[in-house]
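In mature numbering (1 follows the signal peptide of the UniProt record, and there is no 0), the protein residues as written are -23 to -1, 1 to 418. We put the beta carbon where it would ideally sit given N, CA and C, even for glycine. All figures in this text were calculated on a predicted structure; none of them were measured in a lab.
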Amino acid sequence: MFLPLQIVSLCLAVLTLVGSSYGSCTPQCKLVHGSPASVGLLAKPLHQAVANITAYTKPANYSDASYNEIHPVEPGSANIVGHCSTIVAEWADGKRNLYADVNGTLLPPGQQEDATIDTIYDMASLTKLFTTVAALQQIDAGTLDLYATVASYLPRFAVHAKENITILMLLTHTSGFDADPEPPLYYPVYKTYQQRVNAILTQKILNPPGSKFLYSDLNFMTLFLVLEKITGKKLDELVAAYTEPLGMKSTFFNRGNLYPPEFPKQSYNRMATQEYQIAVLGPKEPQRPQPVRGTVHDENAYSLNCVSGHAGLFSTVSDTAIFCQMILNNGTYDGRRYLSQEAVDMIFHNYNKRFQDDSHGLGFELNQYYTAGPMAGKRTASHTGYTGTTLVIDRPSNTFFLHFANRVHPSREWSSNNIVREALGYWVAKSLGRDVEFPES
Ligand SMILES: *[C@@H]1O[C@H](CO)[C@@H](O)[C@H](O)[C@H]1NC(C)=O
Ligand SMILES: *[C@@H]1O[C@H](CO)[C@@H](O)[C@H](O)[C@H]1NC(C)=O
Ligand SMILES: *[C@@H]1O[C@H](CO)[C@@H](O)[C@H](O)[C@H]1NC(C)=O
Ligand SMILES: *[C@@H]1O[C@H](CO)[C@@H](O)[C@H](O)[C@H]1NC(C)=O
Ligand SMILES: *[C@@H]1O[C@H](CO)[C@@H](O)[C@H](O)[C@H]1NC(C)=O
C-alpha cells in the first residue's frame, strides 16, 4: 500500500504547483484540460488544425489519398492532443454514419449522425498496443520472458521450423510470418473456434525467424494465445483488468459479436459505422448485417468472437488519452502503477536497428512519418489501425495525439487517410513552435 499512497500525494502536490505557472511542463499524474498557453504551446496552429483536418471530410480529388476519385478522405473523426498531462485540443468533425450504400449514396439527413468526441471507434490494429501492455504486465510479473520461445509456452507451436521464434520476435514483427493467415480464419474450412486457434498455432513461416521485418497479424494472434495460456484468463479480461481501474469506461471487446438488445443499445448508438464489406469484397466475407457497425471490422478477429490480440478492441479518444498518459507517466496514472519504468522503456527502445526503416519498440512502431508526420522521431511511438485510427506518443516532448476515423465507411477502397494523420502531426509540431513543412500528399 505504501507505493500507491506515495504517488497519490505526489500527484496532489504537483497538481497544485502546475495550475498557475505559464509555460511550465511539470508532469502531472492525471490528465486535466487546459489551454495550449498554460503548458507553453501556441494556440493558433491547434485552431488551424480543426479547420484543416475537417477539410478532408469534404469530397474532392485528393490524388492518391482518395485513389484519384472525388471522395472525402474520411467521413469524420475524433481527435485529441495532449501535452504535459494536459488536453490542449479535442474535437470531432464530420459524420460517424453517412452513407446508405457502398457507392456513397448519402443517408437522408435525419439518419446521418455527427461524429462526437465520445464516438466509439473500431480500433483495429491499435488493439495490438493494448495486447502489448497486457504482455508487458506479464513481463513485469515475471511470468513472461521476452527472450523465451513461443513454443516454451505453447508446445503445439513447435512445428514448421518455428521452434526458435521468441516473444520478442512477435512483438517486433520479426518472427518470419507472412502478413495474414492462409486461408483466412473466417473461411468455411474452419467450423469451430478451436479449429481457428489450431490454424494460428500451425501456420507456416515465410522467412527464417529474426531475419526480416514483416508486419503480421499472426504475431499478435499468437501472442494473445500465449497470454491466455500463462494467465488462465481471456484477453478481454486481461485488458479490462487495467483499462477499468484507469477509468476507461468505453473501451471493450464485443465478445461474441453481439448486437442490441444483447449488446447495450446506448453504446451501439455511439459506434462509428464502418464498411459495406460484402458489397466491396464479395460473398466470402463474414455474413452479417451491412454496413458493419458494432461488430469488429477485421474479418479474422470477427471469426475469433471479436477477441484477438491483433484487432477487436473498441474505444474513444478520451479513453485512449488516459492510456497514452499512463505511458508518458512511465507506467503510473492517478496514484496507481500499471507498468514498471523498465517496461515502458521497452516501448521506446528500438529492437529493430538492423532493419533501417522499420524501427520498432515492443508492440509500438518508432519514428514513422506516415503516422506522425513531422512529429516522427526516434522516441516517437505510434501505430495505425486499418479502419482509420492513429495513436502517437512522443516521449521527448511529453506529447500525445489521437486521430480516430472510420475511413472504411463506405468502402476500404475509397481512401488512405495517412495524409490526415501526417497533417495532425504537422499542426502539433507547429503548436510546439517547430519550423516544419506541411506533408506532401
Ligand atoms: C491543410 O493545410 C495545408 C497547409 O496549410 C494545406 O496545404 C492543405 O491544402 C490543407 N488541406 C485541405 C484539405 O484543405
Ligand atoms: C484526380 O487527380 C489526378 C491527378 O492528381 C488525375 O490523374 C485524376 O484523373 C483525377 N481524377 C478525377 C476523377 O478527376
Ligand atoms: C454501385 O455501383 C456499381 C457500379 O456502378 C453498381 O454495379 C452497383 O450495383 C452499385 N451498388 C449499389 C448498392 O448501388
Ligand atoms: C534453433 O536453434 C538451434 C540453436 O541455435 C539450432 O540448432 C536449430 O537448428 C534451430 N532450429 C530451427 C528450426 O531453426
Ligand atoms: C519517463 O522516463 C523518461 C526516460 O527515463 C524520462 O525522460 C521522463 O522524464 C520520465 N517521465 C516521467 C513523468 O517521469
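For residue i, the first and last residue of its enclosing alpha helix (DSSP H)
i	result
Arg398	395 to 408
Glu276	276 to 280
Ala358	Taken as a continuous stretch (DSSP letters only), Ala358 belongs to no alpha helix (DSSP H), being part of the beta strand (DSSP E) at 357 to 361.
Leu367	Before going further, note that residue 367 is Thr rather than Leu in the sequence given. Per DSSP, Thr367 belongs to no alpha helix (DSSP H); it is in the beta strand (DSSP E), 367 to 371.
Phe197	194 to 208
Leu106	104 to 118
Asp412	No alpha helix (DSSP H) holds Asp412; DSSP gives it neither H nor E.
Leu258	254 to 258
Ser244	242 to 246
Leu178	170 to 178
Cβ-heavy atom distance, residue i to ligand 4, below 7 Å
i	result
Asn141	yes
Ala138	yes
Start-to-end residues for the beta strand (DSSP E) that takes in residue i
i	result
Pro60	Before going further, note that residue 60 is His rather than Pro in the sequence given. 53 to 60 is the span of the beta strand (DSSP E), which, as asked, contains His60.
Ile64	63 to 74
Phe154	That residue, Phe154, is in no beta strand (DSSP E); it is neither H nor E in DSSP.
Thr34	Here Thr34 belongs to no beta strand (DSSP E), and DSSP marks it neither H nor E.
Ala125	Counting along the chain, Ala125 falls outside any beta strand (DSSP E), and DSSP gives it neither H nor E.
Ala382	376 to 382
Residues bridged to residue i (per DSSP)
i	result
Ile304	BP columns for Ile304 are empty, so no partner.
Glu342	His337, Ser359
Leu290	Phe230
Asp91	Lys72
Thr220	BP columns for Thr220 are empty, so no partner.
His10	Ile64
Leu83	Tyr76
Asn99	Just to set this straight, residue 99 is Asp in the shown sequence, not Asn. Partner(s): Phe291.
Ile47	Asn38
Heavy atom of ligand 5 within 7 Å of residue i beta-carbon
i	result
Gln302	no
Asn327	no
Asn306	yes
Ile318	Note on identity: in this sequence residue 318 is Gln, with Ile being the wrong assignment. Under cutoff, so the answer is yes.
Proximity test, residue i beta-carbon vs ligand 3 heavy atom, cut-off 7 Å
i	result
Ala55	no
Val269	no
Asp78	yes
Near ligand 1: residue i beta-carbon under 7 Å from a heavy atom
i	result
Tyr33	yes
Phe415	yes
Ala256	no
Ala400	yes
Asn395	no
Residue i CB to nearest heavy atom of ligand 2 below 7 Å
i	result
Glu46	yes
Asn38	yes
In chain order, which alpha helix (DSSP H) runs of at least 4 residues are fully inside the region 310 to 334? Listed in chain order, they are 318 to 325.
How do the region 31 to 40 and the region 388 to 403 stand: do at least 3 beta-carbon pairs fall below 8 Å, yes or no? Output reads yes: the region 388 to 403 touches the region 31 to 40.
Say whether the region 328 to 337 touches the region 147 to 156, bearing in mind that this needs 3 or more beta-carbon pairs closer than 8 Å, one atom from each stretch. Proximity of the region 328 to 337 to the region 147 to 156 meets the contact definition, three or more beta-carbon pairs being nearer than 8 Å.
Segment contact, 8 Å Cβ cut-off, at least three pairs: the region 273 to 290 with the region 98 to 115: Counting C-beta pairs with one atom in each stretch, the region 273 to 290 and the region 98 to 115 have three or more that are closer than 8 Å, which means they touch.
Counting pairs of beta carbons, one from the region 295 to 311 and one from the region 361 to 371, are three or more of them closer than 8 Å? Contact between the region 295 to 311 and the region 361 to 371 is present, because at least three Cβ pairs lie under 8 Å.
Should the region 87 to 97 be called in touch with the region 35 to 55, which here means at least 3 C-beta pairs below 8 Å? The region 35 to 55 and the region 87 to 97 touch, with three or more beta-carbon pairs separated by less than 8 Å.
Counting Cβ pairs closer than 8 Å, one from the region 70 to 82 and one from the region 319 to 332, do we hit at least three? Verdict: no, contact absent.
Are the region 351 to 365 and the region 379 to 386 touching, with three or more C-beta to C-beta distances below 8 Å? A contact is defined here as three or more CB-CB pairs under 8 Å, and the region 351 to 365 meets this definition with respect to the region 379 to 386.
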